[in-house]
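Quick notes on the structure that follows.
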Amino acid sequence: MIEVEDLTVRFGGVTSVNDVTLTFPGGACGLIGPNGAGKTTLFNVLSGFVRPYAGRITAFGDNLLAMPDYARARWGLRRTFQTEQAIEALTVYDNVLAVYEHTTKERAGRQAAVLDAIGLVGLGDVAFAKVGTLSPRQRRLVEVARGVVGTPRVVLLDEPGAGLPEAETEHLGAVIRTIPEQVGAMVVLVEHDMSLVQACCEWTAVLDFGKLLSAGPTADVLRDPEVLKAYLGQEDLE
Amino acid sequence: MFNTSQLFPFLISGLAFGAVYAMSGTGLLVLYRTTGVLNFAFGAIGAMGANITWHLIEKTDWCPDWLAYVACVVVATALTLFYGVVLAPRFANRDPLGKMLGTLGFALILLGLMFNLWRSQDARVFRLPTGTRRFEIFDSRVTWTQVVAVLFALVVVGGVTVFLRATKTGTAMRAIANDREIASLLGVPVRRVETAAWLGSGVLCGIVGLLLEDLFGSLDMGTMTFFVIPALAPVLIAQMRRLWVGFFAAFAIGVVEAELNASNWDWPSQYRKTTPYVFAIVAVLWFARKRTVMISGRVTR
Amino acid sequence: MTTMEAAPPADAAAVVVPSRFGRRAAIQAAIIVVILVVAMFVLPALTSTFWVKNFTSAAVLAIVAAATGMLYGRVGLVALGQIGLYGVGTWVTMRLGFATDWPYPVLILVAGAITAVIGVLLGLPALRLHGLYLALVTLMAAAAFLIILANTKFPTGGPGFRGVVIEVANSRQMRRPDIAETDYGYYRYALVVAVLMFALAAAHLVSKPGRAWASIRQSEAAALAAGVNTVTYKLWAWALASFMTGCAGALLAGHVGSPSTFTFTVEQNIILMAVVVMGGVASLWGGVIAGLLAAVLPEVLQDWGFSSNWTLILFGTGLLTNLLITSWQLDKAGIKE
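Protein chains in written order, with this note's numbering: chain A, 1 to 238; chain B, 1 to 301; chain C, 1 to 337.
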């Protein structure tokens, strides 16, 4: 569970997150909203790259904002980025190992942990290929594998389906759905692809212009007229 | 601590060098903002031009002096345009460091060519007509080149400022410097404006080359080529964008560097050439004091 | 694109992890041993002392080039001022070499260590800088240091901190290790040290620091999000590269005997970067190529009747060519830096 209280983020004159209070209950949660709504900013606050103007974040009882950015991964926070950041110069195995060895103290069992993560995303047969040689879909999956290796508590996925054709997002959705149960971590998924959100997330929050618009079971939220209005604009609805 | 009788003469030479730093800094800065290229070959190109001028004056009979000076500017402009139009576009997809490395390679080629064409063992002295005429102020000798340098620096920086604000091309340059993609979408003829920037930079390079050779007195190609390194100090202090900050930084550096000569002790004079570097490093570290994290090139803090 | 159904998770037990010390690594090691044996024993027999000394210079420069290339190509840090640290290594070795009786390997290690400390101290403020700014600041720092060095001069066996002897006739040459007094002997000595330095770098690159550096190079933010303490690992990179460069400087002291500060110029930094790029920054072998380019090629050209100025033209052309090719490759892959 992640509790966000009174979070406000300002960049110069722009308030990108405006006094947001919400609680991500656990399991797989969606975070949606139009462009510029503040979703990635919220992720950046969680990652520690952006210091909020005001507010608190408590994750599984721990004060997240008190930890330095690189330490949050050891705590159990993982994150993928909008532009894929899998390390091209390394193999898939080394990519995942690089995360494991910086977040877990035990050396024993690291091989099994890395292979488990690679297996979960379905990249077992390219485990020792250099990431630079893989397709965009496979690279996204490498990022997801990096996110689930070891014992993470929270996996933040920032538009993992961006740029992927529909057939490939189905596989991605299947992988994401298994994370809470198989890995034991909660997932927060930022996405524009509503079918992916519906497929993975039981619960969804909606941001618009930095404010919380709606939050609750995904099906209800996606039917909420306020949400539709934010996405589509007033005129189209009339 | 200071030999007071020497303070004024060194102030003069300091201002002159400061002026050269200011002019080269302006050229480097405007070119960088417009094209993304920090022209490390600036010194080498100017040296090539100046050497050709010397050669035309000393080694040929038919060439009148004024034509030789013009030749310097022409050669410098041609070389700069060659790089800008033929080579620089090939590096368009690289980061600023990659773009600069290209000019670095160009500088090495030019330096090697210069060494081959003119053996630097010959004691070669270079003097503009303004360099041989002097007058006296407060018991100090001032050459007309030094005066021209300072005046020219003011004209150049002032002129460039007006150009950037008041002319169409100048405004286009500022637009490109601000955001290249949007400028292009708005219909700014990016390639043409870039070529104009390369052209202007080349002309300035030729002029700086002539002035610098006169102020130095000799035609040491190595010194001239790597003059670009201290010349980058005011550019860094200007954070690659603030023209007038660079202008004043250039003069400050020039004056301090020269005045250290007037000290009674040994070490200020021995180490005075570190002045531009000390200024630049302190400034850069001061500006970078807020920690930043880059995500794919976008700063997010 | 073929349609993909959700693939069943691969059985972890079924995937065989290729050992890092498997066949490929064994073959590479064998090649290295062969090259080393040829270089150490066959090459000197075929050439004169003059060329052996050039190859010694190449081996020493290869260390600096490998360190620089590693920083640029594997960590993403541009160090345009390595010649400054090179000078520190030489200076420390000579000062201690005259003042103490320490065996040469100790001198090398101490010089390396001191250079590493300086490298880290310089790296600390440099942490905030990237790309062009980092390159220019390191270049300027080296320029400033080399001006200081030019005034301080290398020690020649005299007293005091600077250790410079006033009477030039009394100035001493740097001693060499007992087992490597001759030029041939010193050549083999330098090769061994170079191989050890390369091995040290390689050991880093294939293990945890190497992976951390690859993370940092790809994206500092992603590295932080993956738990990499970027400050620690960047400083570690500076420390390793500076250590290697300092040790190379120590080797230079014994090689030349009485180095002159005139050979430590700002231009050398530029030339170093040119040969490092030409040699290639993706692999440590690039350092070997760079060392050969910088130390052996100029002599080869002179042998063939070309003036040494042609090396400048060649290095400039080589640098440009390399950049053109890599830019073209980036274009083809649709990548913009």
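Just so it is clear, CB atoms sit at the ideal spot from N, CA and C, and this is done for glycine as well.
In this text, all values refer to a predicted model and were calculated from it rather than measured experimentally.
For residue i, the nearest candidate out of the options (CA to CA)
i: V33 of chain C; options: C:L323, C:W310, C:L191, C:V281; result: C:L191
i: V164 of chain C; options: C:A150, C:R176, C:R188; result: C:A150
i: Q268 of chain C; options: C:T68, C:A225, C:G210; result: C:T68
i: E191 of chain A; options: A:S214, A:G124, A:Q82, A:V114; result: A:Q82
i: L154 of chain B; options: B:D95, B:L79, B:W267, B:A250; result: B:A250
i: V193 of chain B; options: B:L212, B:I281, B:L164; result: B:L164
i: L285 of chain B; options: C:Q28, C:G158, C:L127, C:L200; result: C:L127
i: F8 of chain B; options: B:T274, B:A288, B:N261, B:F287; result: B:N261
i: L232 of chain B; options: B:T4, B:F40, B:Q146; result: B:F40
i: G14 of chain B; options: B:R242, B:K290, B:T145, B:T34; result: B:T145
i: D183 of chain C; options: C:T230, C:F50, C:A39; result: C:F50
i: D101 of chain C; options: C:A66, C:I270, C:L251, C:M174; result: C:M174
i: N309 of chain C; options: B:N116, B:D61, B:R242, B:L101; result: B:N116
i: L128 of chain B; options: B:R180, B:D65, B:Y83; result: B:D65
i: Q85 of chain A; options: C:Q82, C:P125, C:L224, C:A180; result: C:L224
i: Q82 of chain C; options: C:L96, C:R211, C:A141, C:T232; result: C:A141
i: Y277 of chain B; options: B:L243, B:W265, B:I229; result: B:I229
i: N35 of chain A; options: A:T218, A:L222, A:E143, A:D193; result: A:D193
i: T218 of chain A; options: A:T80, A:A127, A:E202, A:T103; result: A:E202
i: Q182 of chain A; options: A:A28, A:T8, A:E3, A:V9; result: A:A28
i: S218 of chain B; options: B:V30, B:I45, B:A50, B:Y32; result: B:A50
i: M70 of chain C; options: C:V276, C:L235, C:G185; result: C:V276
i: G158 of chain B; options: B:S269, B:W54, B:F247, B:G46; result: B:F247
i: L85 of chain C; options: C:A248, C:N322, C:L196, C:A237; result: C:A248
i: G184 of chain A; options: A:A117, A:Y53, A:V50, A:V197; result: A:A117
i: E5 of chain A; options: A:P52, A:G13, A:H171; result: A:P52
Distance between beta carbons of residue j and residue i, contact taken as under 8 Å
i: V75 of chain B; j: M114 of chain B; result: Contact flag wrong, Cβ pair sits at about 12 Å.
i: R139 of chain A; j: F60 of chain A; result: With a Cβ gap of about 30 Å, R139 of chain A and F60 of chain A do not count as contacting.
i: V256 of chain B; j: T275 of chain B; result: 5 Å
i: S16 of chain A; j: G210 of chain A; result: 5 Å
i: A79 of chain C; j: T138 of chain C; result: 5 Å
i: V193 of chain C; j: L251 of chain C; result: 6 Å
i: L236 of chain B; j: A283 of chain B; result: 6 Å
i: S214 of chain A; j: V206 of chain A; result: 5 Å
i: D95 of chain B; j: G131 of chain C; result: 6 Å
i: N95 of chain A; j: R146 of chain A; result: 6 Å
i: V228 of chain C; j: S215 of chain C; result: 5 Å
i: I253 of chain B; j: G18 of chain B; result: 7 Å
i: M278 of chain C; j: R188 of chain C; result: The Cβ separation is near 27 Å, so there is no contact.
i: L110 of chain B; j: A44 of chain B; result: 4 Å
### Message
Closer than 8 Å is the cut-off here; do at least three beta carbon pairs connect the region 68-86 of chain A with the region 18-38 of chain A?
### Response
no
### Query
Listed in chain order, which residues of the region 45-65 of chain A have Cβ atoms closer than 8 Å to some Cβ of chain C?
S47, G48, F49
### Query
When you check each C-beta in the region 97-129 of chain C against every C-beta of chain B, which residues fall closer than 9 Å?
Listed by position along the chain: P125, A126, L127, R128, L129.
### Task
Would you check if there are 3 or more beta carbon pairs closer than 8 Å linking the region 308-321 of chain C to the region 89-108 of chain B?
As far as the Cβ criterion goes, the region 308-321 of chain C touches the region 89-108 of chain B, which means the pair count is three or higher.
### Query
Which full runs of the alpha helix (DSSP H) of 4+ residues lie inside the region 52-128 of chain B, going along the chain?
The qualifying runs are 65-82, 96-117.
#### Entry: Runs of alpha helix (DSSP H) lying entirely within the region 79-128 of chain A, each at least 4 residues, in chain order
Counting whole runs of 4 or more residues, the region 79-128 of chain A contains the alpha helix (DSSP H) stretches 92-103, 110-121.
### Ranges of the alpha helix (DSSP H) found wholly within the region 253-295 of chain B, counting only runs of at least 4
267-270, 275-287
#### Entry: Those runs of the beta strand (DSSP E) which lie wholly inside the region 190-235 of chain A and span at least 3 residues
Runs found: 203-208, 211-217.
### Message
Please list, in chain order, the residues of the region 135-158 of chain A that have any C-beta partner in chain C closer than 7 Å.
### Response
R146
### Query
Given a limit of 8 Å on CB to CB distance, which residues of the region 83-100 of chain A reach chain C?
Interface annotation for the region 83-100 of chain A against chain C: Q85, A86, I87, E88, A89, L90, Y93, D94, L97, A98, V99, criterion Cβ-Cβ distance under 8 Å.
### Task
Scan the region 311-330 of chain C for residues whose Cβ lies nearer than 9 Å to a Cβ of chain B and list them as they occur along the chain.
T311, L312, I313, L314, F315, G316, T317, G318, L319, L320, T321, N322, L323, L324, T326, S327, W328, L330
#### Entry: Touch test, the region 78-95 of chain C against the region 296-303 of chain C, Cβ-Cβ under 8 Å, three pairs minimum
no
### Task
Answer yes if the region 20-40 of chain B comes into contact with the region 212-228 of chain B, meaning at least three C-beta pairs across the two stretches below 8 Å, and no otherwise.
yes
### Task
Inspect the CB distances between the region 170-177 of chain B and the region 57-72 of chain B and report whether three or more fall short of 8 Å.
With a cut-off of 8 Å, the region 57-72 of chain B and the region 170-177 of chain B do not count as touching, because too few Cβ pairs lie within range.
#### Entry: Near-chain C residues of the region 268-284 of chain B (beta-carbon distance less than 8 Å), N- to C-terminal order
Q270, Y271, K273, T274, P276, Y277, V278, A280, I281, V284
### Message
Short of 8 Å Cβ to Cβ, which residues in the region 196-218 of chain C face chain A?
### Response
Those residues of the region 196-218 of chain C that come within reach of chain A (Cβ to Cβ, closer than 8 Å) are K208, R211, A212, A214, S215, R217, Q218.
### Message
Suppose only complete runs of 4+ residues qualify. What are the alpha helix (DSSP H) ranges in the region 121-168 of chain B, listed by chain order?
### Response
129-132, 144-166
### Message
Restricting to runs no shorter than 4 residues, where is the alpha helix (DSSP H) found entirely within the region 273-317 of chain C?
### Response
If we require 4 residues or more, the alpha helix (DSSP H) runs fully inside the region 273-317 of chain C come out as 285-295, 297-303.
### beta strand (DSSP E) segments (min. 3 residues) lying fully within the region 199-223 of chain B
none
### Task
Check distances from the C-beta atoms of the region 276-294 of chain C to those of chain A and list, in chain order, the residues that come in under 7 Å.
none
### Query
What are the uninterrupted segments assigned as alpha helix (DSSP H) that are 4 or more residues long and contained completely in the region 54-130 of chain C, given in chain order?
82-99, 104-126
### Message
I'd like to know if the region 197-204 of chain B and the region 67-82 of chain B are in contact, where contact means that at least 3 CB-CB pairs between them fall below 8 Å.
### Response
yes
### Query
Going along the chain, which residues of the region 228-251 of chain C sit with their C-beta nearer than 8 Å to a C-beta in chain A?
V228, N229, T230
### Task
Please specify which runs of the alpha helix (DSSP H), each continuous and at least 4 residues long, are wholly inside the region 3-27 of chain B, giving them in chain order.
none
### Task
Indicate whether the contact test is met: 3 or more Cβ pairs, each with one atom in the region 118-135 of chain A and one in the region 168-183 of chain A, closer than 8 Å.
yes
### Task
Can you give me, in chain order, the residues of the region 4-18 of chain A that have a beta carbon less than 9 Å from any beta carbon in chain C?
none
### Task
Report yes or no: do the region 26-38 of chain B and the region 84-101 of chain B share at least 3 C-beta pairs separated by less than 8 Å?
yes
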